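**Student:** Residue numbers (the working numbering): 11 to 502.
Ideal Cβ positions, reconstructed from N, Cα and C, are used throughout, including at glycine.
Given the structure is predicted, the values throughout are model-derived calculations rather than measurements.
#1: By DSSP's criteria, residue 126 is part of a beta bridge. Which residues make up the other side?
#2: Within the continuous beta strand (DSSP E) that includes residue 430, where are the two ends?
#3: To which residues of the same chain is residue 11 closer than 8 angstroms at the C-beta, ignoring the five residues directly before and after it?
#4: Return the first residue and the last residue of the beta strand (DSSP E) that residue 481 is part of.
#5: Answer yes or no: does any C-beta atom of chain C fall closer than 7 angstroms to that of residue 442?
#6: Using a 10 Å radius around the Cβ and a threshold of 16 neighbouring Cβ atoms, would you call residue 501 buried or exposed?
#7: Going by beta-carbon coordinates alone, are residue 107 and residue 151 separated by less than 7 angstroms?
#8: Apart from the five residues just before and just after residue 362, which ones in its own chain have a Cβ nearer than 8 angstroms to its Cβ?
#9: Which value, in whole angstroms, describes the spacing of the CA atoms of residue 250 and residue 305?
#10: Could you name the residues of the same chain whose beta carbon sits closer than 8 angstroms to that of residue 35, not counting the 5 residues immediately before and after it, in chain order?
#11: Helix, strand or coil, according to DSSP, for residue 334 in the structure here?
#12: Distance, Cα to Cα, residue 79 vs residue 88?
#13: Starting from residue 237, follow the alpha helix (DSSP H) in both directions and report where the run begins and ends.
#14: Note down the Cα distance separating residue 388 from residue 436, rounded to an integer number of angstroms.
#15: Give the straight-line distance between the Cα atoms of residue 241 and residue 235, rounded to the nearest whole angstrom.
#16: Would you call the stretch 354 to 361 and the stretch 425 to 436 in contact, with 3 or more CB pairs under 8 angstroms?
#17: Between the stretch 128 to 141 and the stretch 164 to 175, can you find at least three pairs of beta-carbon atoms closer than 8 angstroms?
#18: Closest by CA to residue 365, which one among 103, 491, 320, 430?
#19: Note down, in chain order, each residue of its chain lying with its Cβ closer than 7 angstroms to the Cβ of residue 346, except the 5 sequence neighbours on either side.
#20: At which residue ranges does the stretch 71 to 106 contain complete beta strand (DSSP E) runs of 3 or more residues, listed in the order of the chain?
#21: Under three-state DSSP, which class holds residue 6?
#22: What do you get for residue 23, buried or exposed, if any count of 16 or more other CB atoms within 10 angstroms of its CB means buried?
#23: Among 28, 395, 294, which residue has its Cα nearest to the Cα of residue 53?
#24: Whole angstroms are fine: how far does the CA of residue 403 sit from the CA of residue 267?
#25: Name the residue from 289, 390, 485 whose alpha carbon lies nearest to the alpha carbon of residue 400.
#26: Of the choices 63, 98, 31, whose alpha-carbon is the least far from that of residue 41?
#27: Give me the residue from 210, 230, 100, 123 with the minimum Cα distance to residue 161.
#28: Where does residue 436 fall in DSSP's three states?
#29: How is residue 454 classed by DSSP in three states: helix, strand or coil?
#30: Please report the straight-line C-alpha distance between residue 445 and residue 464, rounded to a whole angstrom.
#31: Of the choices 439, 440, 450, 441, whose alpha-carbon is the least far from that of residue 433?
#32: Using DSSP with H/G/I as helix, E/B as strand and the rest coil, what is residue 209?
#33: Please go through the stretch 354 to 402 and give each complete alpha helix (DSSP H) segment of 4 or more residues, from N-terminal end onward.
#34: Helix, strand or coil: how does DSSP classify residue 221 here?
#35: Is residue 408 helix, strand or coil when you go by DSSP?
#36: Looking at the structure shown, is residue 302 part of a helix, part of a strand, or coil, going by DSSP?
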């Protein structure tokens, strides 16, 4: 006899993001009927669950797209954020939530589940205030909303964890703002997923706000010391200074960690508050604690580190597209793209089998480097971060294998045909849009390695940029081709 949950259809928004991607897998493993709502289907095609879900393409800014996504849905998971969309992200989030709730009511959705942020302190940041406002917007109709509010999420690939990890690893002595002594209530990603997954099988809709946190309340400084101890590092010296504002702190984090300044800003802003769960908002009466209990901070850190060491990071904060400029919000052709398409085309021929060449191409970036001229790549990454871009520090999820949609330093994997073709889309600060493509072909007993950089300039400034950097192409791109072939030959 089937359970009620097996007869329901579930919609997951933000499926290409950090939490959403993991939640999809968790619900698919329960054999539930899942639909995902994404703007770019290419970003999830590399996921092992891609063929097991119903994919609805669209944007939450359009009612017609939401109508298609929410039609026939029993429970809708709202995991959308707009913190990268400029200073008015809070207004955008509030409007988006109200629109979603309105369409959910029209289409007969029975339950909305929303993951927000703990906001019990009177002194909350704009980011946390926006999370609260989003919950209010979702609850503005008759559709019951189950709002789960969480603090810092500890898990391999989360932005909060990457910020903690790199700050602790790279800075044995830190001058920090006084907020490092504020209390936090971290929670492991496995426990976040536990609550979200169990929300799918509740017998009746729930209309209430719950705080969810792990078993420990501690300061950010305490977490840094725990991380250092578990990583085999010496105790970190933390010197508190009153002059480091959240803005200055986020700039510093943008330089020291892989998390760009634009994303660090709301994360740091949240730390100015005491982010601690309110026992009066406990969820235990609705969803009991896991049989093994909630995950303590030390265990959560060890699990995250082991995933990173084993190259088994399922999703990362960088999986979500990071728009660096108004014209770089999607990989598709911009409205202004026309006749101006600038290219740098190069080709090399070798006797080395195509499979060996491809193996090196798929290993490009991250700790593996860019096959020569690494100093120039590093400088370009530094310049990008200085202007608020992502830089090179995002690295890559796995050292040997790529999948569509994942980040690769300041690129994103746009298309991949294993063994033959890799196309990367640039997410660095640029006056236009850029791609870098590699193609491996066997012809007449020889292997042809084709490398092409393509640039759609935005106006005169974009064209000037291309011609200014073109001399560096003559240093970087031929070196890359030679070293890919050389590395393939040596590895054989």
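**Tutor:** A quick look at the data gives this:
#1: Answer by DSSP bridge pairing, in chain order: 159.
#2: Where residue 430 is concerned, there is no enclosing beta strand (DSSP E), given that its DSSP letter is neither H nor E.
#3: Residue confidence is low: residue 11 scores 38 on pLDDT, short of 50, so the model does not pin down where it sits. Its coordinate-derived value is still stated next. Sequence-distant partners of residue 11 (beyond 5 residues in either direction) whose C-beta falls short of 8 angstroms from its own C-beta are missing from its chain.
#4: Looking at the DSSP string, residue 481 is not in any beta strand (DSSP E); the run it does join, the alpha helix (DSSP H), is 469 to 501.
#5: The displayed structure is made up of one protein chain only, and chain C is not part of it.
#6: Classification for residue 501: exposed.
#7: It is not a contact, given that the beta carbons lie outside the stated cut-off.
#8: Within the same chain, 457, 495, 498, 499, 502 come within 8 angstroms of residue 362 by CB-CB distance, once the 5 residues on both sides are set aside.
#9: So the two alpha carbons sit approximately 29 angstroms from each other.
#10: Exclusion of the five residues before and after residue 35 leaves 57, 58, 59, 324 as the residues of its chain whose Cβ lies within less than 8 angstroms of its Cβ.
#11: Its pLDDT being 45, under 50, residue 334 is placed unreliably by the model, and the measurement read from it follows with that caveat. The three-state secondary structure of residue 334, taken from DSSP, is coil.
#12: The alpha-carbon of residue 79 is positioned some 12 angstroms away from that of residue 88.
#13: Unbroken alpha helix (DSSP H) run through residue 237: 230 to 240.
#14: If I take the Cα positions, the gap works out to 15 angstroms.
#15: One C-alpha to the other measures close to 10 angstroms.
#16: Below 8 angstroms, too few C-beta pairs join the stretch 354 to 361 and the stretch 425 to 436 to call them touching: fewer than three.
#17: Not touching, per the Cβ criterion.
#18: Residue 365 has its Cα closest to that of 430, out of 103, 491, 320, 430.
#19: Note that residue 346 scores a pLDDT of 42, beneath 50, so its modelled location is shaky; the value from the coordinates is reported in the next line. Sequence-distant partners of residue 346 (beyond 5 residues in either direction) whose C-beta falls short of 7 angstroms from its own C-beta, in its chain, are 468.
#20: If we require 3 residues or more, the beta strand (DSSP E) runs fully inside the stretch 71 to 106 come out as 85 to 88.
#21: Absent from the structure is residue 6, since the part of the chain shown begins at 11 and ends at 502.
#22: With 16 or more other Cβ atoms within 10 Å, it is buried.
#23: Taking only the C-alpha atoms, the option nearest residue 53 is 28.
#24: So the alpha carbons of these two residues sit roughly 7 angstroms apart.
#25: For the residues 289, 390, 485, the minimum Cα distance to residue 400 belongs to 390.
#26: In terms of Cα proximity to residue 41, the closest of 63, 98, 31 is 63.
#27: Of the candidates 210, 230, 100, 123, the residue whose Cα lies closest to the Cα of residue 161 is 230.
#28: Here residue 436 sits in strand by DSSP.
#29: Residue 454 falls in the coil class under three-state DSSP.
#30: Straight across, the Cα-Cα distance linking residue 445 with residue 464 is about 5 angstroms.
#31: Of the residues 439, 440, 450, 441, the one whose Cα lies closest to the Cα of residue 433 is 450.
#32: Residue state, collapsed to three classes: helix.
#33: Inside the stretch 354 to 402, DSSP marks whole alpha helix (DSSP H) runs of 4 or more residues at positions 364 to 371, 384 to 396, from first to last along the chain.
#34: Look at residue 221 here: in three-state DSSP terms it is strand.
#35: Correct three-state label for residue 408: coil.
#36: Residue 302: coil per DSSP, three-state reduction.
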